[in-house]
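Participant: From first to last, the protein sequence lines are chains A and B.
Numbering-wise, the first sequence is residues 0 to 140 according to numbering that gives the first Met the number 0.
Numbering-wise, the second sequence is residues 0 to 336 according to numbering that gives the first Met the number 0.
Heads up, the beta-carbon is just placed ideally off N, CA and C, and yes, glycines get one too.
To start, I am sharing the structure in question, which I have written as structure tokens.
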Amino acid sequence: MSERLHPAEWDRDTGPFFAAAREGRLVYRRCNACGRGNHVPMASCRYCGSTETEWRESEGTGTLYSWTTVMHGVHPAWPVPYTVVIVALDDAPDVRLTGSLPGAPELNAGQAMQVWFESIGEGRVLPNWRPAEAKQERGQS
Amino acid sequence: MDNTRPAAIIAALALKDVGFCADVGVGGGAPAAMVGTAAAAIMSGQARHVLVYRSLNGRSQGRLGAAIAPRTEAGGLGSYDEFFTPYGLLTAPQSFALIAQRHRSLYGTTDAQFGATAILCRNNANRTPHAQMFGKPLDMDQYLASRMISTPLRLFDCCLETDGAAAVVVTSSERARDLRQPPALVRATAQAGASGMSGGMMFPSITWTEPTEVAASNVARQLWSRAGLGPREIDVAQIYDCFTITILLQLEAYGFCAAGEAGPMVESGAVSATGRMPINTDGGNMSGGYIHGLNHIVEGVRQIRGTASVQKADAQTCLVTSGPVGMSSALVLARAA
Chain A
0 MSERLHPAEW DRDTGPFFAA AREGRLVYRR CNACGRGNHV PMASCRYCGS
50 TETEWRESEG TGTLYSWTTV MHGVHPAWPV PYTVVIVALD DAPDVRLTGS
100 LPGAPELNAG QAMQVWFESI GEGRVLPNWR PAEAKQERGQ S
Chain B
0 MDNTRPAAII AALALKDVGF CADVGVGGGA PAAMVGTAAA AIMSGQARHV
50 LVYRSLNGRS QGRLGAAIAP RTEAGGLGSY DEFFTPYGLL TAPQSFALIA
100 QRHRSLYGTT DAQFGATAIL CRNNANRTPH AQMFGKPLDM DQYLASRMIS
150 TPLRLFDCCL ETDGAAAVVV TSSERARDLR QPPALVRATA QAGASGMSGG
200 MMFPSITWTE PTEVAASNVA RQLWSRAGLG PREIDVAQIY DCFTITILLQ
250 LEAYGFCAAG EAGPMVESGA VSATGRMPIN TDGGNMSGGY IHGLNHIVEG
300 VRQIRGTASV QKADAQTCLV TSGPVGMSSA LVLARAA
């Protein structure tokens, strides 16, 4: 099995997301001028243009916005099937984060999702998502 | 975004005194805007005639359906891949599958409606000798039996990967008047981004808007206003179709039906070859060939000239759209009065 892709953690706009994940915290970029969450995070707010944005800690719950079960494999680190999920944060519904689940689980739009922190080697941690009521299905962070 | 840089085209055609060159991005969202840029260059006196081209070795060289990152670290420098590829979101079909699933969740769009969209394009390709899928029929049983790529998108929801090229020459209407071929007038062009868009190429689009408010809806507002026309005045359309879902999104975004009604509209036959407004008459990206949608512009010109294989009788107007999600564009071609 080849190495799984890991996120660049050095980018000034996005690195704090992954630095927080290493500490077991989920953060998102919020605009203090208009109050909206911004993802992907940038220095200024995409909705109102303000630079009064900051990292805010999330409660770590959300709802399932969309998903796809990948059946055609393209990468040796990702044996099929697996399922990519997009989750809207409860505390900032404009913020939609990515997660992945093994296999082809039965999912429904709007169902409750819960963050967990997945270690992917060399100290790197990804905030990941699973159905809120389901038992954890793979490696503990 | 092209495999072939302008200097190579200039050399290959032994052109002299080329005085205007522009690279209009991005990818499949660009072709209609490329024509718009050419028209602007001509109207401002920077050029007399502009060759607008796209050439791709999309099959033998850079396969567009392949995973994007062969390296081990993803993202940084405004690509934003770090939020997607580490989670296994790696390809265009997977990215558009998320949009298709959202459309299903909101509107109940069915497998059979996606299938009808793919089959519509294939039927047109079957009557178009230059189409890649000429002579290869597709029915609903075959569609439903085709392997799942990334739910809900099957093999036949994905466009082709093609080695090919397409080009149009843009010139002034005065010069076009006495050319050997009847001209297709550029009635209007427009280019726009999605509301709430961010940087990054393709994956971040799922974080921008609902599928009903992709860039195409902003292009549409501008285009109809500039053209002085609306969806009811369009006789035939070439709708950018990297996946079946993008046809459905754009039938809604351009106002041919209400949000969520594109699936039933395709099933009704309204956009089939014998319908009120045929679409993708040479098979489009789905079954004709994938030249980033510049092939859609060429087919639009054929419709206005009356030379298409699947010809809409007395076509006066043709809408041509480019990729609907990131920076998008579209144009209206019309027959000269």
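Let me check understanding here. Comparing Cα to Cα, which of B/Ala215, B/Ser271 and B/Ile238 lies closest to B/Ala191?
Facilitator: Cα-wise, what sits closest to B/Ala191 is B/Ala215.
Participant: What does DSSP give as the partner residues of B/Gly134 in its beta bridges?
Facilitator: B/Gly134 is not bridged to any residue.
Participant: Determine whether the Cβ of B/Arg301 lies closer than 8 Å to any Cβ atom of chain A.
Facilitator: So no, B/Arg301 is outside the interface.
Participant: Quick one: give me the first and last residue of the alpha helix (DSSP H) that B/Gln249 is part of.
Facilitator: Start and end: Thr243 to Ala252.
Participant: So B/Gln100 contacts chain A; which residues on that side make the cut at Cβ distance below 7 Å?
Facilitator: Residues of chain A passing the Cβ test: Ser65, Trp66 and Thr67.
Participant: Name the one or two DSSP bridge partners that A/Trp9 has.
Facilitator: According to DSSP, which records beta bridges pairwise, A/Trp9 is partnered with nothing at all.
Participant: Counting contacts by CB-CB distance shorter than 8 Å, is A/Val83 in contact with chain B?
Facilitator: So, interface residue.
Participant: Can you grab the Cα-Cα spacing for the pair A/Gly61 / B/Glu81, in whole Å?
Facilitator: C-alpha separation (whole angstroms): 20 Å.
Participant: Please classify A/Gly14: does DSSP put it in a helix, a strand, or coil?
Facilitator: If DSSP states are grouped into helix, strand and coil, A/Gly14 belongs with the helices.
Participant: Report yes or no: do the stretch 118-129 of chain B and the stretch 255-264 of chain B share at least 3 C-beta pairs separated by less than 8 Å?
Facilitator: With the cut-off at 8 Å, the stretch 118-129 of chain B and the stretch 255-264 of chain B do not touch.
Participant: What is the rounded straight-line gap between the Cα of A/Gly109 and the Cα of A/Gly98?
Facilitator: Distance between the alpha carbons of A/Gly109 and A/Gly98 is about 15 Å.
Participant: Who pairs with A/Glu53 in a beta bridge, going by DSSP?
Facilitator: In the DSSP output, where bridge partners are listed per residue, A/Glu53 has A/Arg29.
Participant: Find the nearest neighbour of A/Asp12 within the set A/Pro75, A/Arg123, A/Glu2 and A/Asn37, judged by alpha-carbon distance.
Facilitator: When each option's Cα is compared against that of A/Asp12, the closest is A/Asn37.
Participant: Taking 8 Å as the cut-off, does the stretch 272-289 of chain B touch the stretch 138-147 of chain B (at least 3 CB pairs, one atom from each stretch)?
Facilitator: No: fewer than three Cβ pairs fall under 8 Å.
Participant: Go through the stretch 62-106 of chain A residue by residue and report every complete run of the beta strand (DSSP E) that reaches 3 residues or more, in order.
Facilitator: Runs of the beta strand (DSSP E) inside the stretch 62-106 of chain A: 81-88 and 91-101.
Participant: Output, in chain order, the set of chain A residues within a Cβ distance shorter than 8 Å of B/Arg146.
Facilitator: Neighbours of B/Arg146 on chain A, chain order: Met70 and His71.
Participant: Where do the N-terminal and C-terminal ends of the beta strand (DSSP E) with B/Asp162 fall, by residue?
Facilitator: Here the beta strand (DSSP E) through B/Asp162 covers Asp162 to Thr170.
Participant: With 8 Å as the threshold, decide whether the Cβ of B/Thr150 is near any Cβ in chain A.
Facilitator: It does: the Cβ of B/Thr150 has a partner Cβ on chain A nearer than 8 Å.
Participant: Below 7 Å between beta carbons is the criterion; list the residues of the stretch 72-96 of chain B that meet it against any residue of chain A, in chain order.
Facilitator: Within the stretch 72-96 of chain B, the qualifying residues are Glu72, Ala73, Gly74, Gly75, Leu76, Tyr79, Glu81, Phe82, Phe83, Thr84, Pro85, Tyr86, Gly87, Leu88, Leu89, Thr90, Gln93 and Ala96.
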